[in-house]
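Below is one structure; the comments refer to it alone.
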Amino acid sequence: MSISAPRGLASSGQKPITEILHPLSAAEEPLSPGPDVTVSGGRDKEVGLTNGTPVETPSPASASVLFNRLQLDDDLDSDGRDPYADTETHDLFVTVDDPKKHVSTMETYITYRVSTKTTRIEFDLPEYSVRRRYQDFDWLRTKLEDSQPTHLIPPLPEKFVMKGVVDRFSEEFVETRMKALDKFLKRVADHPVLSFNPHLNAFLSAKDLNKRQGLALLSKVGESVKNVAGGYKLRVRPPEFCAMGEYLDTFNQKLGTIDRIAQRILKEQSEYLTELREYGTVYASWAGSEEELQRPLEGVAGCVTTCCGALEDMSENMGQDFLPVLREYILYIESMKNVLRKRDQSQAEYEGRLEAAVLRKQEDRTPIPAEVEKCQDKMECFNADLKADWERWQSNKRQDFKQLLTGMADKNVTHYEKCQAAWESLITLLQDKQTEDKTSCKSLWEIRQ
Amino acid sequence: MADDGREESLGTDDDSDQTGADGSLNNTMVEEGSTLMRRMEICVAEAEKRSGKNAVSMQETFTVYLIETRPMDAVAEGHNPAPDCLWRRYSEFELLRNYLIVTYPYIVVPPLPEKRAEFVWHKLSADNMDPDFVERRRVGLENFLLRVASHPVLCNDKILCYFLTEEHGWKEAVYETGFQAKADSRLRALSATFRVRNPDKCFMEMKHYSDELQSHTSQLLRARARVADRLYGVFKVHGNYGRVFSEWSAIEKEMGDGLQSAGHHMDAYAASIDDILEEEEHYADQLKEYLFYAEALRAVCRKHELTQFELEMASQDLISKKQQREELATGIVRTFSFKGMTNKLFGQEAPEQREARLKLLEDLIAEGEETVKEKTIERAEHVEKAWVDIQRFKEQKDKDLREALINYAVMQISMCKKGIQVWSNAKECFLKM
């Protein structure tokens, strides 16, 4: 199965190598922004390749991965305000691409190539290339959630699709899913803490992850089990976390609305497209019964057809690039709310234990047990991690949505440009014939002059 | 060019109404360009609501249109005299047109704008009193007058002139022409269509073409209305982005301003469709004009069928009478006839009776030959004149429709430019997020 170069968000895939610096090159030069993000500030696109050897076919692990990674950096740099520019990891690069269908007696499924390039000593080799399926990503995420409960784990694309409604093996579906998986992995690899998680290491490097097949089933169950940490009830959520919670709720709502609007637009556009096609054919059939007007009418029919094509392209793009990202963020918000709840649990546990210990101390002068202090540490760690992750998330969110909405605007502009060009060339055609006209008869327009 | 100085259909050579702008009414030679239009500036300037009692004494509201005319020479010389004007309602225009159709059956008579709004997409009003409809109708009525006044044949018609200059008494004048009596009955026309044997091939092709033109323009109008409906929906839904971006901006810090402004652009985008579609109605009106023109073209072709049919009937009648005479004269019965039968059954009639019958037949045959001559001339004249006008119509149609298509393309380009503008503005806002 071949996949065309993914468009839209710079989350995966092949990018032209001419704009990229090799990750391991010594010279760090300012890089040009990607085609999907325009940055004001007069940077031009031509950047020399300092590595020397030009490579014809971009290899994912080096060129495009680096490009994508540094693109993110670039966006942050261009703001000049992002505090995380220095703490971003620059030594672990991952890409997900090359989907392939596997057919076995038991099942059919898709695997993706996961390529890694790294200088970290935690990895034995500088490069890896393994094949993973969705299940494996799911396993990784679960493991990360379990082992790093205080951190925000990026979301995966939706796991279950209705068989018969969505074709799990269609090119569009696979490509959309692949982009989301790529994004997920990149976000994890970017994270200063999560990227050092041993499970990630195993995921990226192990030849096969067979050992944990059975564990996949426990993923959703395990989560809920973990949440019941002694049944402590939280009394007061500190204001900064309240604010987070409120923000997430409202943001979630707005995203849901935007998703609905976008879907509605797609639907309306699809119905418009149907009528537009019919409209074009009427011109064509009229042309058949005319002599002088045949070419003009066919010209109009052609323009209408071109506009149909342009609209189709745009709708397809929106479906493939815009909606999935929205949905991804909605999933992200869900998992973040979970983390907030876990933080609440940890605070509740600490406060509960503290209260009990204080009471006991008042009764019989038993000193506060070390456990309570551990709880306090745990809670404070959680709070700190969460705050740090929150800031990162906000920053990433801003970039992602800027890119998403700018992309949407671009698509619309391109659509109209295509249509305009078609109609303009038609006018030239129509007006040319006009000047040849030497008949004495006057048109209505001429009469009115 | 045809000699249109004499109004044959009016039957009289009435010179009594030559005044001012009407001076060249009875010109025997009408050259190219020397139409009413050259002598007069005509426009339908305004529309007004009136109330009055109608034919059954019920109160009704209707719209009247102001027709202004001004002699061209005065304008050319730099004077700016106040125009003559009068008010007419739609039904009077209809009367004028019906008169022209009957009086000039060889002319493709320009059509009136539609009586009722049709092919409307859902947001457009189908109400005859709606100001936009009235405005478009005003333009359509003006187009009708301009076309008629610039037509080489129609422009010289007296009734047309009165229509433009005599507010009162015009109706009486029209009825006095007796045109209603001359109208071909529907039944006759239909019968001719079915029973005619040798209609001119070119006219039949034209008739077929008129059907095609009618079918295509009406299909196009319907499809366009549906497209307009859908496009309206697409634009309006974008307005929702405006609202949600505004709400979202409230919970954002750095992103807030960009989102808010982008939202305004989305609102502007959604609002822009109203003007776009209103303008497109003019294109629809141009198509409608030719939809109705197709009907006028078909009417001319049908008239041909009628004249041809009447000629055929007259010829046939003559032949059969001649045959009868022959049989009577020679006694040989070639075809079945009642007289032949009765002769066989009851014996031949007396010679006096035969003589009487022969004489009658001779008279009838003479009459019949006159009729055939008349019908032949009628048919030939109609063919000749109609063909000239049909060619003129074809050229006009090609020009007009080509221009209409150009205008349509221009409208589309304008819409695209607006779209690019709005989305580029929105993009600027997004970049500031």
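Order-wise, the sequence lines are chains A and B. Residue numbers for the first sequence, in the UniProt record's numbering: 1 to 449. Residue numbers for the second sequence, in the UniProt record's numbering: 1 to 433. Glycine included, C-beta positions come from ideal geometry on N, C-alpha and C.
Have a look at residue i and residue j and give me their C-alpha separation to the nearest angstrom.
{"i": "SER104 (chain A)", "j": "ILE121 (chain A)", "result": "37 angstroms"}
{"i": "GLN308 (chain B)", "j": "PRO199 (chain B)", "result": "6 angstroms"}
{"i": "LEU431 (chain B)", "j": "TRP423 (chain B)", "result": "12 angstroms"}
{"i": "TYR90 (chain B)", "j": "GLY419 (chain B)", "result": "39 angstroms"}
{"i": "TRP87 (chain B)", "j": "PRO296 (chain A)", "result": "40 angstroms"}
{"i": "ASP400 (chain A)", "j": "ALA225 (chain B)", "result": "40 angstroms"}
{"i": "ARG113 (chain A)", "j": "VAL130 (chain A)", "result": "6 angstroms"}
{"i": "CYS375 (chain A)", "j": "GLU328 (chain A)", "result": "33 angstroms"}
{"i": "GLU391 (chain A)", "j": "LYS337 (chain A)", "result": "15 angstroms"}
{"i": "LYS233 (chain A)", "j": "ALA348 (chain A)", "result": "6 angstroms"}
{"i": "LEU141 (chain B)", "j": "HIS382 (chain B)", "result": "28 angstroms"}
{"i": "HIS282 (chain B)", "j": "PHE133 (chain B)", "result": "11 angstroms"}
{"i": "CYS85 (chain B)", "j": "LEU311 (chain A)", "result": "51 angstroms"}
{"i": "HIS90 (chain A)", "j": "ARG132 (chain A)", "result": "24 angstroms"}
Applying the 10 Å Cβ sphere with the 16-neighbour rule, what's the burial state of residue i?
{"i": "CYS381 (chain A)", "result": "exposed"}
{"i": "ARG398 (chain A)", "result": "buried"}
{"i": "ASN80 (chain B)", "result": "exposed"}
{"i": "ASN54 (chain B)", "result": "exposed"}
{"i": "LYS417 (chain B)", "result": "exposed"}
{"i": "PRO113 (chain B)", "result": "buried"}
{"i": "GLN294 (chain A)", "result": "exposed"}
Under the three-state reduction of DSSP, which class applies to residue i: helix, strand or coil?
{"i": "ASP130 (chain B)", "result": "coil"}
{"i": "ASP36 (chain A)", "result": "Note that ASP36 (chain A) has pLDDT 39, beneath the 50 cutoff, so the model's placement of it is unreliable and no number is given."}
{"i": "GLU77 (chain B)", "result": "coil"}
{"i": "VAL196 (chain B)", "result": "coil"}
{"i": "GLU380 (chain A)", "result": "helix"}
{"i": "GLU424 (chain A)", "result": "helix"}
{"i": "GLU446 (chain A)", "result": "helix"}
{"i": "TRP393 (chain A)", "result": "helix"}
{"i": "THR95 (chain A)", "result": "strand"}
Is the CB of residue i under 9 angstroms away from at least one CB in chain B?
{"i": "ASN396 (chain A)", "result": "no"}
{"i": "LYS254 (chain A)", "result": "yes"}
{"i": "PRO239 (chain A)", "result": "no"}
{"i": "PHE184 (chain A)", "result": "no"}
{"i": "TRP286 (chain A)", "result": "yes"}
{"i": "VAL325 (chain A)", "result": "no"}
{"i": "ASP410 (chain A)", "result": "yes"}
{"i": "TYR232 (chain A)", "result": "no"}
Looking at the unbroken alpha helix (DSSP H) that takes in residue i, where does it start and where does it end?
{"i": "ALA206 (chain B)", "result": "According to the sequence shown, residue 206 (chain B) is Met rather than Ala. Its alpha helix (DSSP H) spans residues 201-249."}
{"i": "GLU295 (chain B)", "result": "256-330"}
{"i": "ALA287 (chain A)", "result": "239-287"}
{"i": "LEU354 (chain A)", "result": "323-364"}
{"i": "TYR134 (chain A)", "result": "134-147"}
{"i": "LEU200 (chain A)", "result": "198-205"}
{"i": "THR176 (chain A)", "result": "171-190"}
{"i": "ARG89 (chain B)", "result": "ARG89 (chain B) -> not in any alpha helix (DSSP H); beta strand (DSSP E) instead, spanning 84-89."}
{"i": "residue 526 (chain A)", "result": "Chain A is shown only over 1 to 449; residue 526 (chain A) falls outside these bounds and no answer can be derived."}
{"i": "PHE163 (chain B)", "result": "158-165"}
{"i": "TYR175 (chain B)", "result": "170-176"}
{"i": "LYS159 (chain A)", "result": "Element bounds for LYS159 (chain A): n/a, residue is neither H nor E."}
Give the range of the beta strand (DSSP E) segment to which residue i is assigned.
{"i": "SER115 (chain A)", "result": "108-118"}
{"i": "TYR65 (chain B)", "result": "59-71"}
{"i": "MET318 (chain A)", "result": "Run containing MET318 (chain A): none; DSSP gives neither H nor E here."}
{"i": "HIS382 (chain B)", "result": "Careful: HIS382 (chain B) lies outside any beta strand (DSSP E), inside the alpha helix (DSSP H) at 351-431."}
{"i": "ASP51 (chain B)", "result": "The sequence given here places Ser at residue 51 (chain B); Asp does not occur at that position. Counting along the chain, the beta strand (DSSP E) containing SER51 (chain B) begins and ends at 40-53."}
Hey, is residue i's beta-carbon within less than 9 angstroms of any beta-carbon in chain A?
{"i": "THR69 (chain B)", "result": "no"}
{"i": "GLN219 (chain B)", "result": "yes"}
{"i": "ARG357 (chain B)", "result": "no"}
{"i": "GLN396 (chain B)", "result": "yes"}
{"i": "ASP143 (chain B)", "result": "Inspection of the sequence shows that residue 143 (chain B) is occupied by Asn rather than by Asp. Taking Cβ atoms only, chain A reaches closer than 9 angstroms to ASN143 (chain B), which makes this a yes."}
{"i": "ASN156 (chain B)", "result": "no"}
{"i": "GLU247 (chain B)", "result": "yes"}
{"i": "GLY233 (chain B)", "result": "yes"}
{"i": "ALA268 (chain B)", "result": "no"}
{"i": "TYR408 (chain B)", "result": "yes"}
{"i": "ASP229 (chain B)", "result": "yes"}
By the criterion of Cβ-Cβ separation under 7 angstroms, what are the contact partners of residue i in chain E?
{"i": "GLU292 (chain A)", "result": "Note that chain E does not occur in the displayed structure, where the protein chains are A and B."}
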